[in-house]
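Visitor: These protein sequence lines map, in sequence, to chains A and B.
Take any residue in the first sequence, count from 1 to its spot, add 405: that is its number in the numbering used here.
Take any residue in the second sequence, count from 1 to its spot, add 405: that is its number in the numbering used here.
Virtual Cβ for every residue (Gly too), placed ideally from N, Cα, C.
All figures in this text were calculated on a predicted structure; none of them were measured in a lab.
Protein chains: 2
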Amino acid sequence: MGTVVWWLVMVVVVAVHSASAAVIEEKWEVEYTFWWPDCKEGIVMAINGQFPGPTINAVAGDRVIIHVTNKLSTEGVVIHWHGIHQIGTPWADGAAGVTQCAINPGETFTYNFTVDKAGTHFYHGHYGMQRSAGLYGMLIVRSPKETLRYDGEFNLLLTDWWHQSIHSQELALSSRPMRWIGEPQSLLINGRGQHNCSQAAYFTKGGMTQCTFKQNDQCAPQTLRVQPNKVYRLRIASSTALATLNLAVEGHKLEVVEADGNYVAPFTVSDIDIYSGETYSVLLKTHSTPSKNHWISVGVRGRKPNTPQALTLLNYINTPNSNNPTKPPPVTPRWDDYDRSKTFSKKILAAKGYYPPPPEKSHDQLILLNTQNLINNYTKWAINNVSLSVPATPYLGSIKYGLKSAYDLKSPGKTFTNDYDIMKPPANPNTNKGSGIYNFPLGIVVDVILQNANVLKGRISEIHPWHLHGHDFWVLGYGEGKFRRGIDEKRFNLKNPPLRNTVVVYPYGWTALRFVTDNPGVWFFHCHIEPHLHMGMGVVFAEGVNRIEKMDIPDEALGCGLTRKWLMDRGRR
Amino acid sequence: MGTVVWWLVMVVVVAVHSASAAVIEEKWEVEYTFWWPDCKEGIVMAINGQFPGPTINAVAGDRVIIHVTNKLSTEGVVIHWHGIHQIGTPWADGAAGVTQCAINPGETFTYNFTVDKAGTHFYHGHYGMQRSAGLYGMLIVRSPKETLRYDGEFNLLLTDWWHQSIHSQELALSSRPMRWIGEPQSLLINGRGQHNCSQAAYFTKGGMTQCTFKQNDQCAPQTLRVQPNKVYRLRIASSTALATLNLAVEGHKLEVVEADGNYVAPFTVSDIDIYSGETYSVLLKTHSTPSKNHWISVGVRGRKPNTPQALTLLNYINTPNSNNPTKPPPVTPRWDDYDRSKTFSKKILAAKGYYPPPPEKSHDQLILLNTQNLINNYTKWAINNVSLSVPATPYLGSIKYGLKSAYDLKSPGKTFTNDYDIMKPPANPNTNKGSGIYNFPLGIVVDVILQNANVLKGRISEIHPWHLHGHDFWVLGYGEGKFRRGIDEKRFNLKNPPLRNTVVVYPYGWTALRFVTDNPGVWFFHCHIEPHLHMGMGVVFAEGVNRIEKMDIPDEALGCGLTRKWLMDRGRR
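Printed below as a string of structure tokens:
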């Protein structure tokens, strides 16, 4: 239990630091606006008229206070601060139905939390599929004592974009039969992509039109203007709804130094894979005698791509921005070369000297089988045969006030039946809807094995990047086929596993992670693919229920469903 | 004050009747669904999977209990019972922000009200532009002692339909510069229209394709199957978002007998105009020796039309449904023949012997000038220089609990400046947003003069059908130009003015109406054109504030904004 003690120490350190910390306070208004994210007009969810939303620049220990006013006509809204642990403020995590009620149109809700540790993070909508409507932005938390050395930095927020509205997408996915939304029309870098033209068309024979941009075009790429012989930190985050991405910079190597806000043992690659929900920092050393511009390319991996690469320029200051690169954009590695992907994933290991190793033993183990299923012929995703239906009353409030009818009190299974054949479509395609959660006492070590399987039809197993709220976890290992309980644990990396908040489970494989229940609250753990989550692919962890019962939670977070009723009736009791 | 007494008597009679009345109780689920309203796929707001929503068939005095569950992903919802007075139950009126909070996704709200008097009514969404998304249905209240004689009846719910989503429409209207949504793509009769074909194409040379329908086509017209030599009551309601309609039945006269749930002195016409928010009953006498089918046509008036007629068949039982009529559909009268429209409006007078005349004098008078304006270059509609911005906290709750910061306490002006030239664009195009309301004591007689004017640009004055919640009013007269206070009152019809809940104000003209403040509550009074209301064209009447303060209002109606906070804090006080 040495690690648990260490974690508690860290919490104390943060608390001390924050006594002298800054307060970052902003007023945000969320509303739809017409925008041209990919040189075609669409409708985005903007913050204060900006798309993507404003970047938050904080220092570890700072207090962030964001007053979010919902200026939408009829829709609720929330903002999730992806990568922030919300220690002591689980109600500020921004997961609708889990930690708070959606903010009603015309109302303002104040998020007030400490950014507990440094890292490259982002924020995004977490209600319906509002993230996919463009409700996202960067959240950079700097370290007061940064150990990385670099001369400048850039943020690259990567997303995917559809021309179909999210309302239509949500309905399509919820229809019987389900209508798949298809691959994105465009990839966006900092909210900018090109659908009807290519910046690199001059390299291709026929087909695409060469882009020409007018000043202030909302789809014109932001070039990365660099000086020679310097080191730049690229802070890269993926808030895609669906796509797994690969990023490369032509003629330059990338040194991976940070993943999900944690330092990793540096390694150098020609390109990185990035799954939805992940962030990376890479260091890029510029050439000493540059004479031209270079392409930065972002392409699709992990699914058969049907979306053009997103491009922008690495622009050396002595070269005009308008000079076309003389070499074509990097070719994105083959989408289904999973061995290549796994090789990259397995390179990511904890940096030495920063983090203690994980606890050697776990106290509890969940083996979560993800399956694609049917409920009454509606297509769903299920975990251990339960497709999550998030209740109208946020769990955090139901638990605090002991409202036992707000959700299914029976927990979903801790594992799945031994005879399930993950290599085949489910023998019984039908599953069940549920709102049950997993309950953990404080201070224990939990292992979660994500187990992938074949989808409903055909011989396909999809990629799922799983994101845990309120925590980092150690990624103990990846494996092929079905997890062998009692055997595969022996291969866990307990020496230098990376700390992350998002991890992928590969087709027909498993991924093992470990975390310590040191953060009282209710934490969503779900596939970060927006349509998969919409179809039920998530679970919920309640941690330290007795602590939640004593916790101060603003009434405004619980003004819906049964908690609203409970709080209103309080006056009559 | 004789009339006031009569009204109070009527309330008592209803109360007595309801002691023996039936209860109509239904569970409704509201959700989006793909549908083919006009032979082209779109997305509609359905109730229990039906579009339009289910018809409610009640008898005057019945109690109607509808449990509405919001199955939308992120949007709130309410239902307004158009034409029902909600005596004693103003919280059940279903006007979001006025009488209740929108129902949150996943939650259920119970409307529980008495249908106080017989009439042809309908219900519809009253949040954002959800009515335009197809959230509507018929609400028929029969009289236990019907005096009209007829052999059968049909409901015709008339609406207009756009291919652009309401979310996109709302944004377009709220954009700077405003983007007008244009004329509807289709007109629908009971939710059915034809966009890509015409049933009567065989009458026209070239152009349109003749429709052929497959069984169960959602856009196939419902024919009105009739027997010879009988009298049928057509109950017609218009829930259009924009269009003024004209309905005619080829080869048949229509005897108008009811308007907005009130009997009118019968008169016979070849066609009727119907404005959004209005209902009519007409009696149609079938031919004695029929040998063919006849077209029922619905076309656009009052705005330059760009939408094909909606058609369905009057089908005599001895004639196959598939026989095409031998005469073409009736031609809709010229859209801008306002003299014809006014002639029709002025024919509508109260039936003798049913209703007392209005009180001879009024105690208060509002002259409401409607103007199209700009606020910070956003296009708005304003009344007496205030563009209504409905607050996040419902007025009904703010008033009950005395929450004075929930809305502007200053009432908007009771009239407009004398020198305003209604024949020209506003000299100062700018106006102000506001949430102030008009307060009336109980038991007084109020006159409202709706004053039309020129729009922002050009020489145009638009039609506005105004609908009052919670009341019928007497239509005392229509006039041209600017209302002359002290003069035009002398021309008011105090003998047999019709009782209505919706009335039109013609271009460059005025309309006078009178009502008695006999219904404690907060009542929306607004232009029933959905985009106009969205742009601020409405006012709010609070009636009997001291009675509202003592009224029982379910907490569930007030679970948003400052009333939620008030009700939650009650427990701490």
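1. My guess is that Glu935 of chain A and Met534 of chain A are in contact by the Cβ rule of under 8 Å, so how many angstroms apart are they, rounded?
2. Residue range of the beta strand (DSSP E) that His869 of chain A falls in?
3. With 7 Å set as the bound, which would you pick, yes or no: does the beta-carbon of Arg745 of chain A sit closer than that to a beta-carbon of chain B?
4. Closer than 7 Å, Cβ to any Cβ of chain B: which residues of the stretch 566–579 of chain A, in chain order?
5. Is the CB of Met973 of chain B under 7 Å away from at least one CB in chain A?
6. Go ahead and pull the three-state DSSP assignment for Thr408 of chain B.
7. Per the DSSP calculation, Trp496 of chain B is bridged to which residue(s)?
8. If you draw a straight line from the alpha carbon of Phe608 of chain B to that of Leu688 of chain B, how long is it in whole angstroms?
9. Checking contacts by CB at 7 Å: is Tyr437 of chain B closer than that to chain A?
10. If the cut is a Cβ gap below 7 Å, which residues of chain A does Ser478 of chain B touch?
11. Say whether chain A places a C-beta atom closer than 7 Å to the C-beta of Cys965 of chain B.
12. On the premise that Asn462 of chain A lies in contact with Asp665 of chain A, defined as a C-beta separation below 8 Å, what is that separation, rounded to the nearest angstrom?
13. Would the stretch 841–852 of chain B and the stretch 922–936 of chain B be scored as touching if the rule is three or more Cβ pairs under 8 Å?
14. Going by Cα to Cα distance, which pick from A:Pro735, A:Phe749, A:Pro710 and A:Pro695 is closest to Asn728 of chain A?
15. Do the stretch 483–493 of chain B and the stretch 864–881 of chain B meet, that is, are 3 or more Cβ pairs less than 8 Å apart?
16. Shorter than 7 Å from the beta carbon of Glu446 of chain A to some beta carbon of chain B?
17. Whose C-alpha, out of B:Leu629, B:Trp700, B:Arg597 and B:Thr968, is nearest the C-alpha of Pro442 of chain B?
18. Is His422 of chain B helix, strand or coil when you go by DSSP?
19. What runs of the beta strand (DSSP E), each 3 residues or longer, lie entirely inside the stretch 601–651 of chain A?
20. In angstroms with no decimal places, state the Cα-to-Cα distance between Lys805 of chain A and Ile571 of chain B.
21. Is the Cβ-Cβ distance between Cys624 of chain A and Cys602 of chain A less than 7 Å?
22. For Val419 of chain A, collect the residues of the same chain with a Cβ closer than 8 Å to its Cβ; drop the 5 residues on either side in sequence, then sort them by chain order.
23. Cα separation between Lys550 of chain A and Lys747 of chain A?
24. Regarding Ala523 of chain B and the ligand GTP, is the C-beta to nearest heavy atom distance less than 6 Å?
25. Could you give the residue range of the alpha helix (DSSP H) that holds Phe749 of chain A?
26. Would you call the stretch 502–521 of chain B and the stretch 890–906 of chain B in contact, with 3 or more CB pairs under 8 Å?
27. I'd like the list of long-range same chain contacts for Gly612 of chain B, defined as Cβ closer than 6 Å, with 5 residues on each side in sequence excluded.
28. For the 8 Å Cβ check, are there 3 or more pairs between the stretch 939–946 of chain A and the stretch 691–710 of chain A?
29. Taking a contact to mean a Cβ-Cβ separation below 7 Å, would you say Leu1029 of chain B touches Val703 of chain B in this structure?
30. So, are the CB atoms of Val357 of chain A and Ala756 of chain A less than 7 Å apart?
31. If I follow the unbroken beta strand (DSSP E) through Tyr437 of chain B, where does it start and stop?
32. Nearest to Gly807 of chain B by alpha carbon, out of B:Asn634, B:Thr968 and B:Ile594?
33. Since Pro796 of chain A meets chain B, which of its residues come closer than 8 Å, beta carbon to beta carbon?
34. Give the DSSP bridge partners of His529 of chain B, in chain order.
35. Counting pairs of beta carbons, one from the stretch 781–790 of chain A and one from the stretch 703–717 of chain A, are three or more of them closer than 8 Å?
36. Just to confirm, are Gly914 of chain A and Asn857 of chain A a CB contact at a threshold of 7 Å?
Guide: The relevant details are as follows:
1. Taking the first sequence and counting its residues from 1, one reaches residue 935 of chain A at position 530. Taking the first sequence and counting its residues from 1, one reaches residue 534 of chain A at position 129. Sure, about 5 Å apart at Cβ, within 8 Å.
2. For the purposes of this step, residue 869 of chain A is identified with residue 464 of the first sequence, where counting begins at 1. Where His869 of chain A is concerned, the enclosing beta strand (DSSP E) stretches over His869 to Leu873.
3. Looking up residue 745 of chain A in the first sequence gives position 340. No - not a single Cβ of chain B is within 7 Å of the one on Arg745 of chain A.
4. Ser570, His572, Ser573, Glu575 and Leu576
5. Here residue 973 of chain B corresponds to residue number 568 of the second sequence, with the count starting at 1. Taking Cβ atoms only, chain A reaches closer than 7 Å to Met973 of chain B, which makes this a yes.
6. The residue labelled residue 408 of chain B in the question sits at position 3 within the second sequence. The predicted position of Thr408 of chain B is uncertain, since its pLDDT is 42 and thus under 50; a value taken from the coordinates is nonetheless stated next. Helix at Thr408 of chain B.
7. For this step, residue 496 of chain B is matched to residue 91 along the second sequence. Answer by DSSP bridge pairing: none, since Trp496 of chain B is not bridged.
8. The count along the second sequence starts at 1 and reaches residue 608 of chain B at position 203. The count along the second sequence starts at 1 and reaches residue 688 of chain B at position 283. If I take the Cα positions, the gap works out to 28 Å.
9. Residue mapping note: residue 437 of chain B aligns to position 32 of the second sequence, counting from 1. So yes, Tyr437 of chain B belongs to the interface.
10. Within the second sequence, residue 478 of chain B is the residue found at index 73, counting from 1. Per Cβ cutoff of 7 Å: Gly533 and Glu575.
11. The residue given as residue 965 of chain B occupies position 560 in the second sequence. Yes - at least one Cβ of chain A is within 7 Å of the one on Cys965 of chain B.
12. Indexing the first sequence from 1 puts residue 665 of chain A at position 260. Indexing the first sequence from 1 puts residue 462 of chain A at position 57. Contact doesn't hold; Cβ gap of about 18 Å is too wide.
13. yes
14. On the first sequence, residue 728 of chain A is found 323 positions in, with the first residue counted as 1. For the residues A:Pro735, A:Phe749, A:Pro710 and A:Pro695, the minimum Cα distance to Asn728 of chain A belongs to A:Pro695.
15. yes
16. The residue given as residue 446 of chain A occupies position 41 in the first sequence. So no, Glu446 of chain A is outside the interface.
17. Residue mapping note: residue 442 of chain B aligns to position 37 of the second sequence, counting from 1. Comparing Cα-Cα distances from Pro442 of chain B to each of B:Leu629, B:Trp700, B:Arg597 and B:Thr968, the minimum goes to B:Arg597.
18. Within the second sequence, numbered from 1, the residue matching residue 422 of chain B stands at position 17. Reliability of the predicted coordinates at His422 of chain B is poor, the pLDDT of 49 falling under 50, and no value is obtained from them.
19. 629–631 and 636–643
20. Here residue 805 of chain A is taken as the residue at index 400 of the first sequence, counted from 1. Here residue 571 of chain B is taken as the residue at index 166 of the second sequence, counted from 1. Spanning the two alpha carbons is a distance of roughly 38 Å.
21. The count along the first sequence starts at 1 and reaches residue 624 of chain A at position 219. The count along the first sequence starts at 1 and reaches residue 602 of chain A at position 197. Cβ atoms of Cys624 of chain A and Cys602 of chain A: not closer than 7 Å.
22. The residue you call residue 419 of chain A lines up with position 14 of the first sequence. Note that Val419 of chain A scores a pLDDT of 43, beneath 50, so its modelled location is shaky; the value from the coordinates is reported in the next line. Taken in chain order, the residues that qualify are Ala465, Gly466, Ile492, Thr519, Asp521 and Lys522.
23. Indexing the first sequence from 1 puts residue 550 of chain A at position 145. Indexing the first sequence from 1 puts residue 747 of chain A at position 342. C-alpha separation (whole angstroms): 33 Å.
24. Absence of the ligand GTP from the depicted structure is noted, as is the absence of any ligand whatsoever, leaving it without description.
25. On the first sequence, residue 749 of chain A is found 344 positions in, with the first residue counted as 1. That run of the alpha helix (DSSP H) goes Tyr743 to Lys752.
26. no
27. The residue labelled residue 612 of chain B in the question sits at position 207 within the second sequence. Result list for Gly612 of chain B: empty, nothing under 6 Å.
28. no
29. Since the first residue of chain B shown is 406 and the last is 978, residue 1029 of chain B is not available in this structure.
30. This structure gives no information on residue 357 of chain A, because the portion of chain A shown stretches from 406 to 978.
31. Translated into the one-based positions of the second sequence, residue 437 of chain B becomes position 32. Taken as a continuous stretch (DSSP letters only), the beta strand (DSSP E) holding Tyr437 of chain B covers Val428 to Trp440.
32. Counted from its first residue, the second sequence places residue 807 of chain B at position 402. The residue with the shortest Cα to Cα distance from Gly807 of chain B is B:Thr968.
33. The residue given as residue 796 of chain A occupies position 391 in the first sequence. Simply Gly511.
34. Counting from 1 along the second sequence, the entry for residue 529 of chain B is found at position 124. Per DSSP, B:His485 and B:Tyr541.
35. no
36. Taking the first sequence and counting its residues from 1, one reaches residue 914 of chain A at position 509. Taking the first sequence and counting its residues from 1, one reaches residue 857 of chain A at position 452. For Gly914 of chain A and Asn857 of chain A, yes; Cβs fall inside 7 Å.
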